[in-house]
Structure formats: structure tokens, C-alpha cells
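Q:
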Amino acid sequence: MNLIERLQESMRQAARERYTCVPVPPFTAYFHPFDAMVYLNYVIPDGPVTGDTREALRKLRSEFGARQRVPRFEYVDALAPELAGMLRDAGYRQEAEARLMVCTRDTYVPFKGPEGLSLTVLSPDSPREDVRDFCVTTRLGFNPEETVTVSDEEVSKTLADLKDGRAVLARMDGRPVAGGLFSSPHEGTSELAGVATLQEWRGRGIGAALVSRATEEAFSRGVEVLFLSTITEEAGRLYERVGFRFLTRMLFYVDAAAPAHG
9 MNLIERLQES MRQAARERYT CVPVPPFTAY FHPFDAMVYL NYVIPDGPVT
59 GDTREALRKL RSEFGARQRV PRFEYVDALA PELAGMLRDA GYRQEAEARL
109 MVCTRDTYVP FKGPEGLSLT VLSPDSPRED VRDFCVTTRL GFNPEETVTV
159 SDEEVSKTLA DLKDGRAVLA RMDGRPVAGG LFSSPHEGTS ELAGVATLQE
209 WRGRGIGAAL VSRATEEAFS RGVEVLFLST ITEEAGRLYE RVGFRFLTRM
259 LFYVDAAAPA HG
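When you line the sequence shown up against my numbering, it's residues 9 to 270, in that order.
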């Protein structure tokens with residue numbers, strides 16, 4: 009198994025641990041147990057995709073429809089190069105293309121943040137209010153206009169999902185301003201995800217410092233390759249400062265009949 013295959017399998021493993029899995033060969037759908045947010049419900053191909061997939065794609069739409077979720081795919085393009093055309097033919101549109109980036113101990117570059125920054129590593133044993141602050145901050149970081157209410161159920165699930173992974177909460181002078189997490193290591197790999205900084209605190213090196221601390225923590229827990237996907241060039245430059253390097257691309261496709269989402 010080469011590095012790209014290892015990373016895709018790590019994504020599958022992380023999804024298996026967090027979501028309800030519904031096999032529809034040659035695909036598997038992953039459904040969040042209670043949150044219908046489009047980014048938390050998606051399909052990953054089980055391997056290279058060839059032949060007639062129309063019936064499988066029809067079944068997937070039915071599975072998503074039964075749960076009132078939006079059909080969506082996210083996958084490493086190089087491992088299923090024919091899938092994009094099949095999805096377009098089936099009425100999907102490309103939502104985004106992301107850069108898949110990796111960091112190892114050899115490429116890692118520590119980054120120190122601004123004065124007044126504190127970074128707290130969250131584990132399954134962390135105080136619930138810290139985890140609630142993390143959930144609120146990351147949600148607002150991605151959707152500044154959203155009115156965020158974090159339920160006790162979401163706090164409990166976030167704690168349970170951490171397992172051997174960790175989250176990092178950044179505070180400036182005591183105020184929560186950024187967050188991100190890495191998944192439980194799988195055969196030496198882990199994914200850094202959900203990195204978000206509140207809009208008014210961006211451009212100060214907080215995100216880079218948070219990523220640096222999360223990367224350091226991941227390596228201390230046995231991770232050999234930490235990876236992430238990013239859509240924007242701005243975020244890509246942030247990750248490069250900490251030692252992440254481009255490896256390949258990921259594609260994201262969503263049902264064209266679904267309303268656009270930000």
C-alpha cells in the first residue's frame with residue numbers, strides 16, 4: 009500500500025469510528041448519527057471504481073434521502089480517476105477540489121504564536137466546558153454569521169470521538185479564538201481537520217501556531233504522517249509554514265439538485 013492509499017484508508021477508518029457506515033458496493037456511505045450538516049455525511053469509494061455504477065448511485069441517493077441528508081462524495085482522485093465522470097453523468101456537480109498535504113517529522117517546522125496566546129490540548133478526559141468552547145469556536149470560524157448553540161449531545165460526541173486523537177483550543181488573553189483536531193492514529197497516519205480561526209483574529213499567526221502545536225502533539229503520540237486537505241491558497245500557505253507539503257488532490261462532489269451551501 010503506497011502513501012496515498014494509506015491516507016485514503018486512514019480517512020475511511022476515521023469515518024468508521026465516528027459515523028454510521030452503510031455499504032453500497034463499490035462505495036460506503038458515512039452518516040453522522042444526529043447532525044444532517046452536509047459536510048458530516050458523505051461517501052468514499054471502497055477502491056478503484058469501474059463498470060456500471062448507476063444502480064449503486066441510485067441506492068446511495070435512496071439511503072441519503074431516507075435520512076434527509078444531501079448525497080455527497082469526498083475522495084482521493086488518483087485512486088478512483090474514472091469516478092468524477094460517472095458522478096457528473098449521474099447528476100452531481102463538483103463542489104470543490106482540495107490539495108492533500110502531508111507533514112512528517114523531517115518536514116515539520118515549529119511555529120510560535122503571538123503574545124497572549126495559550127494552547128490547550130483536549131482529550132476525552134477534558135472539562136466539558138473547554139470542549140463546548142472548542143465546538144462553538146470552530147463552528148463560528150467556518151460560519152461567522154451562524155447563531156451557534158452546542159448541545160450536551162454534541163459535547164459528549166466530540167469527547168467520545170477524540171479517542172486517541174486530540175483537539176487543540178487556542179485562546180487569546182483567555183478568550184477562545186481558534187480550534188482544530190487530529191484523528192486517532194491509524195497505522196502511523198492521522199488527519200488534521202476542522203482548523204478554524206474566528207474571523208476577527210485571522211492574520212496574526214494564531215492558526216499556524218495552533219497547527220504547529222497539534223502537529224507536535226500528533227508526532228508525540230506515534231503519528232508518522234499527518235495529513236490534511238485544504239481548498240484555499242491562503243490556508244495552504246499557512247500549513248506550508250509548519251512543514252506541510254502537497255501530495256495529491258481530493259475531489260468533492262455533491263448532488264446537483266441540492267441547494268448550494270457555504
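C-beta atoms are modelled at their ideal positions from N, C-alpha and C, and glycine is treated no differently.
Alpha carbon to alpha carbon, what distance is there between A226 and R179?
A: Translated into the one-based positions of the sequence shown, residue 179 becomes position 171. Translated into the one-based positions of the sequence shown, residue 226 becomes position 218. Distance between the alpha carbons of R179 and A226 is about 20 Å.
Q: Return yes when the Cβ of M94 is within less than 8 Å of the Cβ of L236, no when it is not.
A: Mapped onto the sequence shown, residue 236 falls at position 228. Mapped onto the sequence shown, residue 94 falls at position 86. It is not a contact, given that the beta carbons lie outside the stated cut-off.
Q: Residues in its own chain within less than 8 Å of S18 by CB, not counting five upstream and five downstream?
A: Locating residue 18 in the sequence shown gives position 10, counting from the first residue. So the list reads S191, H194, E195, T197, S198, E199 and F235, once near-sequence residues are dropped.
Q: For the alpha helix (DSSP H) holding L91, just list the boundary residues, first then last.
A: As a first step, residue 91 is located in the sequence shown; it is residue number 83 there, counting from the start. L91 to D97 is the extent of the alpha helix (DSSP H) around L91.
Q: Of all the options V57, E208, T115 and R101, which has the alpha carbon lying nearest to the alpha carbon of E153?
A: For the purposes of this step, residue 153 is identified with residue 145 of the sequence shown, where counting begins at 1. The candidate whose alpha carbon is nearest that of E153 is E208.
Q: Any idea if C29 is buried or exposed, counting beta-carbon neighbours within 10 angstroms, 16 or more meaning buried?
A: The residue labelled residue 29 in the question sits at position 21 within the sequence shown. That one is exposed.
Q: Pick out whichever of D43, I214, R66 and I12 has its Cα sitting closest to the Cα of G55.
A: Taking the sequence shown and counting its residues from 1, the one referred to as residue 55 is at position 47. Measuring from the Cα of G55, the nearest candidate turns out to be I12.
Q: Under the DSSP definition of a beta bridge, which residues are partnered with A106?
A: As a position in the sequence shown, residue 106 is number 98, starting the count at 1. DSSP lists M258 as partners of A106.
Q: By Cβ distance, which residues of its chain are closer than 7 Å to F252, with the 5 residues on each side in sequence left out?
A: Here residue 252 is taken as the residue at index 244 of the sequence shown, counted from 1. So the list reads M109, V110, C111 and L236, once near-sequence residues are dropped.
Q: From A243, D114, D169 and F260, pick the residue whose C-alpha is nearest to that of V24; which is it?
A: Against the sequence shown, residue 24 aligns to sequence position 16. It is worth fixing the name first, because residue 24 is Arg in this sequence and not Val. Per the Cα distances, D169.
Q: Hey, out of T115, E103, R183 and A186, whose CA is closest to P267's CA?
A: The residue given as residue 267 occupies position 259 in the sequence shown. Nearest of T115, E103, R183 and A186 to P267, Cα basis: E103.
Q: Grouping DSSP H, G and I as helix and E and B as strand, with all else coil, what is I52?
A: As a position in the sequence shown, residue 52 is number 44, starting the count at 1. Three-state DSSP puts I52 in a strand.
Q: Please return the same chain residues whose Cβ sits closer than 8 Å to the Cβ of R174, not counting the five positions on each side in sequence.
A: On the sequence shown, residue 174 is found 166 positions in, with the first residue counted as 1. Counting only Cβ-Cβ distances below 8 Å, and skipping sequence neighbours, we find V129, L130, S131, L189, F190, A222, E225, A226 and R229.
Q: Since L91 and P53 should fall inside the 8 Å C-beta cutoff, what is the C-beta to C-beta distance between them, to a whole number of angstroms?
A: Position 83 of the sequence shown, counted from the first residue, corresponds to residue 91. Position 45 of the sequence shown, counted from the first residue, corresponds to residue 53. Confirmed, Cβ separation roughly 6 Å.
Q: Within a Cβ cutoff of 8 Å, which residues of the same chain sit near R69, ignoring the five residues on either side of it in sequence?
A: In the sequence shown, residue 69 corresponds to position 61, counting from 1. Only P79 and D263 meet the Cβ criterion.
Q: Quick one: residues in its chain with C-beta nearer than 7 Å to the C-beta of R210, no 5 flanking neighbours on either side, listed in chain order?
A: For the purposes of this step, residue 210 is identified with residue 202 of the sequence shown, where counting begins at 1. Within the same chain, R210 has no close Cβ partners at all.
Q: Write down the C-beta distance between F39 and R101 rounded to the nearest angstrom, noting that I regard them as a contact closer than 8 Å.
A: Within the sequence shown, residue 39 is the residue found at index 31, counting from 1. Within the sequence shown, residue 101 is the residue found at index 93, counting from 1. Their Cβ separation, rounded to whole angstroms, is 21 Å, which puts F39 and R101 out of contact at 8 Å.
Q: How many Å lie between Q21 and T36 at the Cα?
A: In the sequence shown, residue 21 corresponds to position 13, counting from 1. In the sequence shown, residue 36 corresponds to position 28, counting from 1. Taking the straight line from one Cα to the other gives about 12 Å.
Q: Using the C-alpha atoms, what's the distance from C143 back to A204?
A: For this step, residue 204 is matched to residue 196 along the sequence shown. For this step, residue 143 is matched to residue 135 along the sequence shown. Roughly 10 Å separates the two Cα atoms.
Q: Using C-beta distances below 8 Å, list every residue in its chain close to E232, excluding the 5 sequence neighbours before and after it, in chain order.
A: Translated into the one-based positions of the sequence shown, residue 232 becomes position 224. Correct list, in chain order: T112, R113, G196 and T197.
Q: Could you tell me which of R14, L65, M9 and N49 sits nearest to R26, measuring between CA atoms?
A: One-based indexing of the sequence shown puts residue 26 at position 18. Checked all of R14, L65, M9 and N49; the closest Cα to R26 is N49.
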